[in-house]
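Please read the structure below before turning to the comments.
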Amino acid sequence: MKRRDFLRAGAVVAASALFLPLSRTKVFGALSATQAKNLIPAVKLNNGIQMPRLGFGTNTLNGDIAERSVADAISVGYRLIDTAHIYGNEEAVGAGIKKSGINREELFVTSKLWVDDAGYENTKKAYQTTLNKLGLEYLNLYLIHRPRGDVKGTWKAMEELYEAGKIRAIGVSNFDPDQLAELMAYAKIKPVINQIETHVFLQENKSYEALMKTGVQMEAWSPFAAGRNEIFSNPTLAAIGKKHNKSIAQVCLRWHFQRGVVAIPRSTKKAHMMENLVIFDFELDNSDMQTIATLDLNKTQFPEWG
Ligand SMILES: NC(=O)c1ccc[n+]([C@@H]2O[C@H](COP(=O)([O-])OP(=O)(O)OC[C@H]3O[C@@H](n4cnc5c(N)ncnc54)[C@H](OP(=O)(O)O)[C@@H]3O)[C@@H](O)[C@H]2O)c1
């Protein structure tokens with residue numbers, strides 16, 4: 295973040311704090327939707343398109359809760375919305391987008407192709423189904439959810455959809471460095487993103503280095519490890535938060551941001567959604583970053599997902 299933007303962010307947060315009850319603003323602060331929208335910095339992906347560096351995740355949100363949460367997230371300033379066919383919530387997410395009343399061009403919507411739909415023909419059909427469910431004409435980003443099945447056929451179909459202007463960007467999820475290298479060896483179009491499990495307990499340094507080198511943007515799924523391993527009461531993160539007058543959630547998101555990793559936290563609570571946006575007005579110093587590095591267990595927090 296440039297110094298000018300950093301100062302602007304601080305001023306916005308300070309100004310917004312005036313309108314909030316003291317107990318919350320002291321620690322968390324909050325932003326109006328317009329302020330937040332203007333504040334979330336963007337990253338330019340390797341195909342030239344811009345993507346917000348902080349977004350909103352929707353895994354496990356369904357029905358009315360998904361619809362309301364997506365509309366709330368957009369209302370407080372999120373512009374990147376992440377869903378997937380396998381979440382079974384694309385219709386509800388689409389309804390939430392509609393309910394928000396936002397102009398489609400202001401949003402960055404991601405969905406993912408599930409493994410059952412792998413392969414050239416299936417991918418084309420699955421993409422159309424996803425669009426129909428979301429009620430959208432195009433996706434900003436479509437990802438291969440997992441490296442399973444006919445990845446080569448899937449990628450070819452995604453390349454064609456991209457070249458036909460039906461998707462703004464294509465990428466992958468849950469690819470390890472070798473799987474990504476294999477895809478890149480035959481890909482005509484380079485993936486823009488690899489979305490992988492990343493949080494303080496699984497820092498994925500090997501993937502991080504490899505992605506930095508290849509110019510594929512790293513995106514963190516479960517940036518809070520979905521609350522596992524007692525992340526929200528971790529004493530090390532709490533101490534760093536106390537030093538900066540920030541919550542553990544804000545420390546985690548700031549850590550992702552400073553590493554240059556896009557994060558997509560999920561929440562059903564508007565207060566949490568707002569809190570998670572106030573991460574651009576402070577900086578973790580080298581000692582904070584080194585301390586957080588020691589929390590790496592180099593182990594998934596979701597062993598049940600294989
Ligand atoms: N590509 C993949 O294979 C894959 C896999 C998993 C997830 N994802 C994506 O990544 C997104 C995020 O991951 P996730 O949903 O697993 O979990 P997460 O974002 O790591 O954590 C969500 C949990 O954190 C809590 N939370 C959020 N903000 C908080 C705050 N400020 N203070 C305290 N608690 C807070 C939420 O509770 P409240 O509702 O109470 O706030 C919820 O229980 C998903 O929703 C999905 O879009 C992708």
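Okay, so the sequence shown: first residue is 295 according to the working numbering, each after it adds one.
Here a beta-carbon is modelled for each residue, glycine too, at the ideal position from N, C-alpha and C.
Keep in mind the model is a prediction, meaning the values are calculated, not measured.
- Counting only the Cα atoms, residue 428 lies some 9 Å from residue 392.
- The beta-carbon distance between residue 411 and residue 417, rounded to whole angstroms, is 6 Å. This is short enough to meet the 8 Å contact definition.
- With contact defined as three or more Cβ pairs closer than 8 Å, the region 365–383 and the region 580–588 are not in contact.
- Taking the C-beta atoms as reference points, residue 434 is found nearer than 9 Å to residue 402.
- Shortest gap from the CB of residue 570 to any heavy atom of ligand 1: under 8 Å.
- C-alpha of residue 503 to C-alpha of residue 590: approximately 15 Å in a straight line.
- Judged by DSSP in its simplified three-state form, residue 411 adopts helix.
- In the DSSP annotation of this structure, the continuous segment of the beta strand (DSSP E) that includes residue 489 starts and ends at 487–491.
- In the three-state scheme derived from DSSP, where H, G and I count as helix and E and B as strand, residue 516 is classed as coil.
- Distances between the C-beta of residue 552 and the heavy atoms of ligand 1 are all 8 Å or more.
- Sequence-distant partners of residue 463 (beyond 5 residues in either direction) whose C-beta falls short of 7 Å from its own C-beta, in its chain, are 339, 341, 343, 434, 435 and 486.
- Every beta strand (DSSP E) stretch that sits fully inside the region 355–427 and reaches 3 residues is listed by chain position as 374–376 and 402–407.
- Taking a 10 Å sphere around the C-beta of residue 540, we find 16 or more other C-beta atoms and assign the residue as buried.
- Ligand 1 has no heavy atom closer than 8 Å to the beta-carbon of residue 362.
- Separation of residue 455 and residue 461 (C-alpha to C-alpha, rounded to the nearest whole angstrom) is 6 Å.
- Under a 10 Å Cβ-count criterion, residue 363 is classified as buried, with 16 or more other Cβ atoms of the shown protein chains found around its own Cβ.
- Relative to the Cα of residue 458, the nearest Cα in the group 598, 508, 432 and 559 belongs to 432.
- Assignment of residue 547 by DSSP, reduced to helix, strand and coil, places it in the helix class.
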